[in-house]
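> Quick one: structure below, then a few questions.
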Amino acid sequence: MKPGLYSDVEGRFQVLLEESALTRALTLACASGQNETGGVLVGRYEDGGAVAVVEEVTGSPRGSIFSGVTFHRAAGNLRAKLLRRWSSKRHYLGEWHFHPGHSPDPSGRDTSTMARIAADKRYSCREPLLLILGQSPAGEPRLSLHVFPLGEAIAPLRAR
Ligand SMILES: [Zn+2]
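Reading the sequence shown from the start, the letters are residues 103 to 262 in the working numbering.
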């Protein structure tokens with residue numbers, strides 16, 4: 103559980119998780135207690151698109167449903183917000199959420215949601231990221247980071 107550079111085994115997908123973004127996600131997860139929460143990852147691409155830099159995580163839009171079991175992010179004004187950010191060279195990079203009391207492994211539902219986003223032209227993101235915060239059985243914070251390239255297998259990213 104640390105900020106910094108993450109990549110897949112081959113080094114094809116590289117993600118720089120900025121400390122302020124990780125700290126914000128942890129703060130939001132902590133504030134949600136035993137409920138799931140989440141939002142989107144926003145940032146920029148560097149090195150001609152080779153590295154995705156996660157600069158910011160957003161909280162939940164109004165209207166999101168919280169429970170200990172699942173999290174449904176309300177569409178809210180997300181799209182308008184994203185378009186404003188794109189215009190200032192900032193991009194939608196993917197999603198994040200919290201698995202209270204559970205491992206940060208993506209669920210089957212997480213995987214199908216991300217595949218849908220990769221294929222959805224409105225997101226303009228063919229390689230969306232999923233950051234999940236979870237907890238060990240002893241309650242210690244854990245994270246996972248995966249990329250979901252359109253038409254390819256999900257790839258886990260590890261701290262390098
Ligand atoms: Zn999940």
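Think of the CB as a built atom: it goes at the ideal place given N, C-alpha and C, for glycine as much as any other residue.
(1) Please indicate yes or no: does the CB of isoleucine 219 lie closer than 8 Å to some heavy atom of ligand 1?
(2) Tell me the residue span of the beta strand (DSSP E) that contains serine 109.
(3) Compute the distance between the beta-carbons of alanine 123 and valine 156, then report whether it is under 9 Å.
(4) Report back the beta-carbon spacing between serine 246 and proline 206 to the nearest angstrom; my notes put them in contact at under 8 Å.
(5) Just checking histidine 248 against ligand 1 - is the residue's beta carbon closer than 8 Å to any of the ligand's heavy atoms?
(6) Closer than 8 Å is the cut-off here; do at least three beta carbon pairs connect the region 229-242 with the region 123-142?
(7) Would you mind stating whether aspartate 110 and arginine 260 have Cβ atoms separated by less than 9 Å?
(8) Sorry if obvious, but does the Cβ on isoleucine 256 come closer than 8 Å to a heavy atom of ligand 1?
(9) Run through the region 208-258 for me and flag every whole beta strand (DSSP E) of 3 or more residues, listed as ranges in chain order.
(10) Is the beta carbon of arginine 244 within less than 8 Å of some heavy atom of ligand 1?
(11) Within a Cβ cutoff of 6 Å, which residues of the same chain sit near leucine 107, ignoring the five residues on either side of it in sequence?
(12) Tyrosine 147: which of Arg192, Gly210, Met103, Ile256 sits nearest, CA to CA?
(13) Can you list the residues near ligand 1, meaning Cβ strictly closer than 5 Å to any non-hydrogen atom, in the order they appear in the chain?
(14) In terms of residue numbering, what span does the alpha helix (DSSP H) encompassing arginine 62 cover?
By the coordinates alone:
(1) Counting from one through the sequence shown, the residue named residue 219 turns up at place 117. Isoleucine 219: no, Cβ never under 8 Å from ligand 1.
(2) Position 7 of the sequence shown, counted from the start, is the residue given in the question as residue 109. Run containing serine 109: 106-109, per the beta strand (DSSP E) assignment.
(3) In the sequence shown, the residue the question calls residue 123 occupies position 21. In the sequence shown, the residue the question calls residue 156 occupies position 54. Yes, the Cβ-Cβ distance between alanine 123 and valine 156 is below 9 Å.
(4) The residue labelled residue 246 in the question sits at position 144 within the sequence shown. The residue labelled residue 206 in the question sits at position 104 within the sequence shown. With a Cβ gap of about 4 Å, serine 246 and proline 206 count as contacting.
(5) For the purposes of this step, residue 248 is identified with residue 146 of the sequence shown, where counting begins at 1. Checking every heavy atom of ligand 1 against the Cβ of histidine 248, none is found closer than 8 Å.
(6) yes
(7) Here residue 110 is taken as the residue at index 8 of the sequence shown, counted from 1. Here residue 260 is taken as the residue at index 158 of the sequence shown, counted from 1. In contact: aspartate 110 and arginine 260 (Cβ atoms closer than 9 Å).
(8) Counted from its first residue, the sequence shown places residue 256 at position 154. Checking the Cβ of isoleucine 256 against ligand 1 gives no.
(9) 231-237, 243-249
(10) Translated into positions along the sequence shown, residue 244 becomes position 142. For ligand 1, not one heavy atom lies less than 8 Å from the Cβ of arginine 244.
(11) Reading the sequence shown from its first residue, position 5 is the one you call residue 107. Once the five neighbours on either side are set aside, the close Cβ partners of leucine 107 are Leu118, Arg262.
(12) Locating residue 147 in the sequence shown gives position 45, counting from the first residue. Cα-wise, what sits closest to tyrosine 147 is Arg192.
(13) Ser209, Asp212
(14) Since the displayed the chain opens at 103 and closes at 262, residue 62 lies outside it and no answer follows.
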